[in-house]
Amino acid sequence: MNLCVSQLCAWYEKKDREKPVIYDVNFSLSTGDLCALVGVNGAGKSTLFKALMDTIAWEGSLTWGQQPLSQARKQGKVAYVPQTEAIDATFPLLVKDVVMQGRYVHQGWMRIPSAQDKELVAQALERVNLADLADRPLAQLSGGQRKRVFVARGIAQAAELVFLDEPFAGVDARSEAIITEQLNNLSKEGKTLLVSIHDINLAQQKFPLCLVINKTITAQGSSKEILSGDALLQNLGISEDTHIEEVLHA
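The opening residue of the sequence shown carries number 536 in our numbering; numbering runs sequentially from there.
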């Protein structure tokens with residue numbers, strides 16, 4: 536099963552159609568691929584995910600296997616873990632309820648959880664080491680723990696294709712290690728993952744594949760090869776006297 540993105544352009548408002556935020560984006564990922572998405576601030580990482588999830592205007596071709604990506608999304612085959620989510624501290628949403636949201640696409644309109652749904656939620660929380668916090672209000676968790684909850688929600692969905700937008704941003708070392716381990720496990724289970732990340736070292740060490748984006752895809756291949764030396768500076772579209780980490784974290 537392949538994710539194929541061809542001649543993708545995207546913009547936020549119709550009036551900007553002649554000046555797309557990302558343009559002529561072409562790449563493909565295969566079953567089990569674990570791929571980092573790297574780019575400087577404003578290069579189009581989040582925009583790419585929004586186009587793939589059909590939340591902004593786009594044109595081009597997006598397919599998963601033999602079907603349109605839009606159809607795969609409706610069938611629950613595509614999961615998305617966004618970079619940030621608003622947390623209402625006044626609404627006592629429990630951790631297990633957030634993870635259960637990953638099962639909504641598989642439930643009827645009344646959203647009554649089945650025994651299987653509950654088991655998948657429990658398994659997902661166990662995988663991210665949060666089983667003991669299942670009944671805790673989400674607002675009481677640390678930033679790293681919340682990120683793990685949202686990753687668990689993506690796991691519980693049992694999707695074939697998973698997009699994660701900056702899952703390591705602002706997390707502690709323990710959460711980073713747990714999330715990294717689970718992404719590798721999902722890849723071994725045959726899931727296809729595209730993960731935006733600003734830590735070049737982490738991308739080189741833990742992600743076999745990498746896409747570099749600078750409004751369009753400037754490089755795709757082995758992380759260790761395309762994230763090293765002068766090629767990285769050129770692919771990111773930055774000058775040689777610029778400190779890479781400053782640009783990526785901006």
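Beta carbons: idealized from backbone N, C-alpha and C, even for Gly.
A Cβ-Cβ distance of about 5 Å is found for the pair Ala691 and Val634, placing them in contact under the 8 Å criterion. Excluding the 5 residues flanking it on each side, Leu746 has same chain C-beta neighbours closer than 8 Å at Phe562, Cys570, Ala571, Leu572, Val573, Leu729, Ile752, Ala754, Gln755, in chain order. Glu760 and Gly772 have their alpha carbons spaced roughly 17 Å apart. Contact between the segment 679-696 and the segment 651-667 is present: 3 or more CB-CB pairs across the two stretches fall below 8 Å. About 5 Å separates the beta carbons of Ser722 and Gly567, which is inside the 8 Å limit, making them a contact pair. Tyr615 counts as buried, since no fewer than 16 other beta carbons sit within 10 angstroms of its beta carbon. In this structure, Met588 sits away from Thr727, with a CB-CB distance that is not shorter than 9 Å.
Spanning the alpha carbons of Ala738 and Thr582 requires a straight line of approximately 20 Å. The DSSP-derived three-state label of Gly764 is helix. Taking the Cα positions, Gly643 is about 47 Å away from Leu767. Counting along the chain, no alpha helix (DSSP H) covers Val556, and no H or E run does either. Here Asn736 is exposed. Its C-beta has fewer than 16 other C-beta atoms within 10 Å. Judged by beta-carbon spacing, Arg683 lies within the 9 Å limit of Leu665, meaning their Cβ atoms are closer than that value. Under the DSSP assignment, Thr598 falls in the beta strand (DSSP E) whose first and last residues are 592-599. In the displayed model, Val747 falls within a strand according to three-state DSSP.
Counted as a single uninterrupted DSSP element, the stretch harbouring Phe742 is not any beta strand (DSSP E), since DSSP gives it neither H nor E.
One Cα belongs to His641, the other to Lys653, and the distance between them is close to 12 Å.
Counted as a single uninterrupted DSSP element, the alpha helix (DSSP H) harbouring Asp632 occupies residues 630-635. In terms of Cβ geometry, Pro617 and Asp700 form a close pair [threshold 9 Å]. Remark: C-beta atoms of Gly600 and Gln542 do not approach each other more closely than 9 Å. Ranked by Cα distance from Pro672, the first of Phe584, Tyr639, Lys631, Ala650 is Lys631.
Contact between Trp593 and Cys544 is confirmed by a C-beta separation of about 7 Å, below the 8 Å threshold.
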